[in-house]
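**Q** All residue numbers for the sequence shown refer to the numbering used here, where the first residue is 51 and numbers rise by one. For each residue, glycine too, the CB sits at the ideal point set by N, CA and C. Every value quoted in this text rests on a predicted model; they were computed, and no experiment measured them. Handing you this structure, nothing more for now.
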Amino acid sequence: MRLANLAGRLVVITGDAGHEIACDVEKSSGGRFGASPQAIYDDWDAFTAWAGTVQWDSGIPLVPDDLGSPVPAPRQVLGIGLNYRDHAAESGFAAPAGEPPVFTKFPSCITGPRGDITLPGGGHTDWEVELVAVIGRRAERVSEADALSFVAGYSVGQDVSERILQLAATPPQFSLGKSLPGFGPIGPWLVTLDEFANPDDLGLECSVNGEQVQHGRTSDLIFSVSALVARVSATLPLLPGDVIFTGTPSGVGLDRKSV
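See below:
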């Protein structure tokens with residue numbers, strides 16, 4: 051199932067690429083489930099049980115410019131640093147061992163997959179394409195073996211980073227440098243894990259001005275999504291609708307000679 055935020059309303063997406071249809075959840079459920087894209091994660095089990103019984107055969111053509119983040123107002127937004135060995139190497143760091151490096155992005159930075167971002171003057175704004183995991187059930191001290199059952203689905207995001215601000219203090223102020231308005235685009239939709247042949251091996255790409263600058267696979271994550279949910283939930287509860295930016299492969303602008 052693909053879930054999206056269409057002009058602020060929760061929809062299920064059907065149809066093939068370029069011919070997507072948006073089916074309004076509140077209308078299809080007769081009001082049983084509301085229109086809020088964020089609120090659905092607090093009722094995730096009931097929603098997915100109901101959605102599995104529905105024939106999604108009516109809707110409207112998707113207007114891509116109307117897409118917002120499928121998780122527009124998460125309570126917690128976590129980021130994982132250096133979670134690909136090639137990115138750690140290009141950044142001049144050893145690959146992490148033991149525990150993943152965790153930082154926060156402030157929820158006010160979250161935005162949809164399309165639109166403009168205002169860049170700060172005199173800065174160095176960088177791209178980081180990432181798999182985004184969205185929590186569907188409260189996860190507290192869960193095992194790695196059970197961790198994916200607490201994940202509602204995956205989306206794609208950019209951990210946009212202002213490097214000068216990020217590195218202006220000692221130690222670096224990751225949260226500020228990665229949380230300017232619009233610095234957390236997510237979308238175009240959330241995809242439930244049952245849609246993937248292998249949810250642990252997905253491709254990621256980022257292009258800038260038509261040039262591919264990043265390419266990786268999530269099978270190369272040092273800490274898998276299961277491991278991240280287990281490790282983080284051992285310290286703090288992960289709440290329905292929370293977001294984890296799982297790390298970026300190599301090719302970020304900070305370590306490139308030219309673009």
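Measure the alpha-carbon distance for Thr64 versus Gly109 and round it to whole angstroms.
**A** Near 9 Å, if we compare the C-alpha coordinates of Gly109 and Thr64.
**Q** Tell me which residue opens and which closes the alpha helix (DSSP H) that Ala281 is part of.
**A** It should be pointed out that residue 281 corresponds to Arg in this sequence rather than to Ala. 275-283 is the extent of the alpha helix (DSSP H) around Arg281.
**Q** Below 8 Å, how does it come out for the region 77-89 and the region 274-286: are there three or more Cβ pairs, yes or no?
**A** Because the criterion of three Cβ pairs below 8 Å is not met, the region 77-89 and the region 274-286 do not touch.
**Q** Should the region 223-236 be regarded as contacting the region 253-265, the criterion being three or more beta carbon pairs within less than 8 Å?
**A** Not touching, per the Cβ criterion.
**Q** Would you check if the distance between the CB atom of Pro120 and the CB atom of Ser199 is smaller than 8 Å?
**A** Result no, Cβ atoms of Pro120 and Ser199 do not sit closer than 8 Å.
**Q** Just curious, the alpha helix (DSSP H) that Ile214 is in, first and last residue?
**A** Unbroken alpha helix (DSSP H) run through Ile214: 213-216.
**Q** Exposed or buried, Glu190, counting other C-beta atoms within 10 Å across all chains shown (16 or more means buried)?
**A** Exposed, by the Cβ-count rule.
**Q** I need the boundaries of the alpha helix (DSSP H) containing Arg135, first residue and last residue.
**A** Counting along the chain, the alpha helix (DSSP H) containing Arg135 begins and ends at 135-140.
**Q** Output needed for Arg164: all residues of its chain with C-beta closer than 7 Å, excluding positions within five of it in sequence on either side, in chain order.
**A** For Arg164, where only same-chain residues beyond five positions count, the Cβ hits under 7 Å are Pro114, Asp115, Leu117.
**Q** State the start and end residues of the unbroken alpha helix (DSSP H) segment that holds Gly129.
**A** Segment 127-130 is the beta strand (DSSP E) holding Gly129; no alpha helix (DSSP H) there.
**Q** State whether the region 143-157 contacts the region 236-254, with contact taken as three or more CB pairs (one from each stretch) at a distance under 8 Å.
**A** No: the two stretches stay apart, fewer than three of their Cβ pairs being nearer than 8 Å.
**Q** Where Ala67 and Ala219 are concerned, what is the direct C-alpha to C-alpha distance, given to the nearest angstrom?
**A** Straight-line Cα distance between these residues: approximately 45 Å.
**Q** Okay, do the region 208-218 and the region 133-145 touch, 3+ Cβ pairs below 8 Å being the bar?
**A** The answer is no - the region 133-145 does not touch the region 208-218, with fewer than three Cβ pairs under 8 Å.
**Q** Within a Cβ cutoff of 7 Å, which residues of the same chain sit near Ser170, ignoring the five residues on either side of it in sequence?
**A** It should be noted that the sequence gives Pro, not Ser, for residue 170. Glu212, Leu230, listed in sequence order.
**Q** Determine the closest residue to Pro111 out of Ala57, Val258, Ala72, Pro221, with distance taken between C-alpha atoms.
**A** Checking every option, the nearest Cα to that of Pro111 belongs to Ala72.
**Q** Tell me the DSSP secondary structure of Ser229 in three-state form.
**A** Three-state DSSP puts Ser229 in coil, outside helix and strand.
**Q** In this structure, does DSSP put Asp166 in helix, strand or coil?
**A** Three-state DSSP puts Asp166 in coil, outside helix and strand.
**Q** Below 8 Å between beta carbons: does that hold for Pro235 and Gly207?
**A** Yes, they are a contact pair.
**Q** Between which two residues does the beta strand (DSSP E) containing Ala54 stretch?
**A** From DSSP, the beta strand (DSSP E) with Ala54 extends over 52-56.
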